[in-house]
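Scroll down for the structure; my scribbles are underneath it.
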Amino acid sequence: SCQLLNYYGFDITPEEANKFIDNCFIYDEIAENLGFIWHVENNKTEQISKIMERFINDVAGTIIVKLQYVDEIELKMLLNKHPVILATDFTASGHYILAKTLEDTIENTVVIVNDSYGKFNVDSKKYESKNGENCQISFDRLLQFLKKDGTKKYRVIG
618 SCQLLNYYGF
628 DITPEEANKF
638 IDNCFIYDEI
648 AENLGFIWHV
658 ENNKTEQISK
668 IMERFINDVA
678 GTIIVKLQYV
688 DEIELKMLLN
698 KHPVILATDF
708 TASGHYILAK
718 TLEDTIENTV
728 VIVNDSYGKF
738 NVDSKKYESK
748 NGENCQISFD
758 RLLQFLKKDG
768 TKKYRVIG
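For any residue, its number in my numbering is found by taking its place in the sequence shown, counting from 1, and adding 617.
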């Protein structure tokens, strides 16, 4: 979420973002235990996505992003307009990355991403370096790691 805000010119640190998100998550955990917050397939991804959406829009002071469910074509259309946050399975617990844009190469279409954990290798399914800025990942390969909802659409914030 910080990477997206920084892209739009907002100055916020990961520590400030984590504090906000942790506070929201604690509140939402209490609300969930009381039965006010829903689950999607017993998965917290949607709940965390909503908190990140709330955080980004609160810091920006206006609605600049929203949680969306998109298919492959809609995702490409979004990426051709502006960056989006993608919920991935790069780690066992799930991980968010910032997809900045699409680029067509001779071989395929690649997504340019910023990943706070580093450069993820989709073949070995491991991080191979700590520098995750402007990494290229094949669009088709990236789709295999994106979180989906019950209708098989991809969960994105953008």
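Idealized CB from N, CA, C, for every residue including glycine.
Check: Locate the beta strand (DSSP E) running through Tyr624, then write down its first and last residues.; Outcome: Unbroken run through Tyr624 is the alpha helix (DSSP H), 619–624; no beta strand (DSSP E).
Check: How many angstroms separate the CA atom of Lys747 from the CA atom of Thr768?; Outcome: 34 Å
Check: Hey, out of Val728, Asp766, Lys742, whose CA is closest to Glu750's CA?; Outcome: Val728
Check: Which residue's Cα is closest to the Cα of Asn725: Gly678, Ala709, Ser755?; Outcome: Ser755
Check: With which residues is Lys743 paired in a DSSP beta bridge?; Outcome: Asn738
Check: Quick check for students: name the residue ranges of the beta strand (DSSP E) that lie wholly in the region 667–734, counting only runs of 3 or more.; Outcome: 684–687, 701–705, 712–721, 726–731
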